[in-house]
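These notes concern the structure reproduced below.
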Amino acid sequence: MLEKVFKLSENKTTVKTEVVAGLTTFMTMAYIIALNPNLLTGFGAEGQDLWNGVFLATCIASAIGTFCMAFLANKPFAMAPGMGLNSFFAVVVGNIVAMTGMTYVASFQAALVIILLEGILFVFLSIFNVREKIVEAIPLGIRLGISPAIGLMLMNIGLGSNVGIYAEGNGFATPFYVMRDFFGALTPSYLQGNMGDVGFATMILTVVTMFIGLFAILAMAKQGIKGSVLFGMLIASVVYWIGSFAFLDTNPFASLATASFLPPFADMAKVTLFKFDFAGFAQIGWFTAVTLIITFCIIDMFDTIGTLVGTASRAGMVDEKGDMPNMKEALLSDAIGTIAGACTGTSTITTFIESASGVEAGGRTGLTAVV
Numbered sequence: 209m210l211e212k213v214f215k216l217s218e219n220k221t222t223v224k225t226e227v228v229a230g231l232t233t234f235m236t237m238a239y240i241i242a243l244n245p246n247l248l249t250g251f252g253a254e255g256q257d258l259w260n261g262v263f264l265a266t267c268i269a270s271a272i273g274t275f276c277m278a279f280l281a282n283k284p285f286a287m288a289p290g291m292g293l294n295s296f297f298a299v300v301v302g303n304i305v306a307m308t309g310m311t312y313v314a315s316f317q318a319a320l321v322i323i324l325l326e327g328i329l330f331v332f333l334s335i336f337n338v339r340e341k342i343v344e345a346i347p348l349g350i351r352l353g354i355s356p357a358i359g360l361m362l363m364n365i366g367l368g369s370n371v372g373i374y375a376e377g378n379g380f381a382t383p384f385y386v387m388r389d390f391f392g393a394l395t396p397s398y399l400q401g402n403m404g405d406v407g408f409a410t411m412i413l414t415v416v417t418m419f420i421g422l423f424a425i426l427a428m429a430k431q432g433i434k435g436s437v438l439f440g441m442l443i444a445s446v447v448y449w450i451g452s453f454a455f456l457d458t459n460p461f462a463s464l465a466t467a468s469f470l471p472p473f474a475d476m477a478k479v480t481l482f483k484f485d486f487a488g489f490a491q492i493g494w495f496t497a498v499t500l501i502i503t504f505c506i507i508d509m510f511d512t513i514g515t516l517v518g519t520a521s522r523a524g525m526v527d528e529k530g531d532m533p534n535m536k537e538a539l540l541s542d543a544i545g546t547i548a549g550a551c552t553g554t555s556t557i558t559t560f561i562e563s564a565s566g567v568e569a570g571g572r573t574g575l576t577a578v579v
């Protein structure tokens, strides 16, 4: 059955390889499950109900978009709320609050109308091959350049905000920080006193763990081991857990004692599920609304194009012109994911650049996306 649906032999892959690739992709992008609701709700400052709703919307909409990619396009690409697009969405919501005086939740629901209309526009552009024509019109060099540019942005976020190896400006939150003078010159500096001994030790352990995981991935990749990213992440996780017990005297699993498996679905139904505030959307003004819809469309389109072409090129899934087969179906899946995101309560769903890790692990078909 799997052979018939995903054409494994034709794509020179196996079920085992696809499963490892799917797990690798999931592990590298799982951070979005918690990060997206944090970004869209001010780390829970706008209410636990909204956080829970966005959390579930992130999972459900990502699954819908990814399944569409798997079964419509048979491509190993996963989908989730796009980084950058979710931050932009949060800024838009904040501006709606300032413009209209509505509450954050009401402004959030008004902004979801923008995402819904963007998704509908994307569907029409995909059906009538407009997006595909735009893809073909973009020079191959630019198409290939979008993907590494997104990767560099994610690296900056990871090293700065997640790992905490550095920060721009002296925020006393990381062991290393970078000061920028009037002329734009960067001066690296070192900090410990303002963090406290425990905070500093935690950051150092995080940084050391990151480098151990990174070098483990590089070493295994050099040896041609498939799933090197997945195994490297597992090694880094074990190192951090051991370090927490041995050097920090803390239990990294303590938070699980009070955690629930899933937030209440009632919160999503109450705050985000099909909660479009069309009256609030009308207060934005037609010019601003149209501008935002077009802006989200353009950002999403180039984000998706760069990820699809860049990742597909790496996997040898493009022809001599740099075009990917089933591009129309892949773009349509992206559009459906965005509509699903708006209906459930999150920002634009797009093809995730982290899918490249699964492709590197050998993923070649939609079975990777299903896993």
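In this text, residue positions in the sequence shown follow the working numbering: the first is 209, and each later residue adds one.
Beta carbons are placed, not taken as given, at the ideal position from N, Cα and C, and that holds for glycine.
Span separating the alpha-carbon of residue i from that of residue j
| i | j | result |
| --- | --- | --- |
| A288 | S521 | 21 Å |
| L500 | S452 | 45 Å |
| F461 | Y448 | 11 Å |
| Q317 | F489 | 8 Å |
| G261 | E537 | 29 Å |
| T559 | A357 | 15 Å |
| L325 | S270 | 18 Å |
| I342 | F332 | 14 Å |
| S563 | F275 | 14 Å |
| N364 | Y239 | 15 Å |
| M418 | M411 | 11 Å |
| L456 | L413 | 9 Å |
| N219 | E340 | 23 Å |
| G250 | T233 | 27 Å |
| M209 | V498 | 45 Å |
| A577 | D542 | 13 Å |
| I513 | F423 | 30 Å |
| C267 | A409 | 33 Å |
| A229 | K434 | 8 Å |
| M525 | T458 | 46 Å |
| Q431 | A278 | 30 Å |
| F330 | I506 | 10 Å |
| S468 | E344 | 47 Å |
| G421 | A444 | 5 Å |
| A454 | V446 | 12 Å |
| P471 | G553 | 14 Å |
| L348 | A523 | 16 Å |
| A487 | G493 | 11 Å |
| A474 | T515 | 35 Å |
| D594 | I350 | The structure shown does not extend to residue 594, since the chain is modelled only from 209 to 579, so the question has no answer here. |
| F504 | G566 | 27 Å |
| L602 | A427 | Residue 602 is absent from the structure shown; the chain starts at 209 and stops at 579. |
| I346 | I502 | 18 Å |
8 Å contact criterion, which residue i and residue j should meet: CB distance rounded
| i | j | result |
| --- | --- | --- |
| V437 | E226 | Their Cβ separation, rounded to whole angstroms, is 15 Å, which puts V437 and E226 out of contact at 8 Å. |
| D635 | G309 | Because the chain is modelled from 209 through 579, residue 635 falls outside the range shown and cannot be assessed. |
| G273 | M361 | Rounded, the Cβ-Cβ distance is 21 Å, inconsistent with contact. |
Beta-carbon proximity list for residue i, same chain, < 7 Å, skipping 5 on both sides
| i | result |
| --- | --- |
| L231 | L438 and V579 |
| N294 | N244, L247, L248 and S555 |
| M235 | L438 and M441 |
| L352 | V517, G518 and S521 |
| G359 | I561 |
| T573 | F214, K215, L216, N219, T221, E226, N282 and P284 |
| N534 | A281, N282 and K283 |
| F484 | Q317, L320, V321 and L324 |
| G172 | Nothing can be reported for residue 172, as the shown portion of the chain is limited to 209 through 579. |
| G327 | A543, T546, I547 and A550 |
| I539 | Per the sequence presented here, residue 539 reads as Leu, with Ile not at that position. Around L539: S334, R339, E340 and T512. |
| M237 | A286, A288, F560 and E562 |
| Y312 | E254, V301 and V305 |
Residue i - partner residues in DSSP beta bridges
| i | result |
| --- | --- |
| P289 | I557 |
Residue-chain proximity (residue i, chain C), Cβ-Cβ < 8 Å
| i | result |
| --- | --- |
| F336 | Note that chain C does not occur in the displayed structure, where there is just one protein chain. |
Spatial neighbours of residue i in its chain, beta-carbon cut-off 6 Å, leaving aside the 5 residues before and after
| i | result |
| --- | --- |
| A429 | S436 |
| S315 | V301, I304 and V305 |
| L575 | F214 and E226 |
| G255 | none |
| V172 | Since the first residue shown for the chain is 209 and the last is 579, residue 172 is missing from the structure and cannot be characterised. |
| F390 | Summary for F390: the model assigns pLDDT 44, below 50, so the residue's position carries little reliability; its value from the coordinates is reported in the next sentence. Once the five neighbours on either side are set aside, F390 has no close Cβ partner at all. |
| Q491 | T308 |
| M476 | G261 and L264 |
Nonlocal neighbours in the same chain, by C-beta distance under 8 Å from residue i, ignoring five residues either side
| i | result |
| --- | --- |
| V299 | none |
| N337 | K536 |
| F510 | I354 |
Near the ligand NAD: residue i beta-carbon under 7 Å from a heavy atom
| i | result |
| --- | --- |
| N246 | The ligand NAD is not among the ligands present in this structure, which contains no ligands whatsoever. |
Report the residue ranges of all alpha helix (DSSP H) runs contained in full by the region 400-488; include only those spanning at least 4 residues, in chain order. If we require 4 residues or more, the alpha helix (DSSP H) runs fully inside the region 400-488 come out as 405-430, 436-451 and 473-479.
Beta strand (DSSP E) runs wholly inside the region 308-367, at least 3 long, in chain order: Counting whole runs of 3 or more residues, the region 308-367 contains no beta strand (DSSP E) stretch at all.
My parser needs the alpha helix (DSSP H) runs of 4 or more residues fully inside the region 520-553; what are they? Along the region 520-553, the alpha helix (DSSP H) occurs as fully enclosed runs of 4 or more residues at 535-552, listed in sequence order.
Of all the beta strand (DSSP E) runs that stay within the bounds of the region 492-520, which reach a length of 3 or more residues? Scanning the region 492-520 from its first residue to its last, no whole beta strand (DSSP E) run of 3-plus residues comes out.
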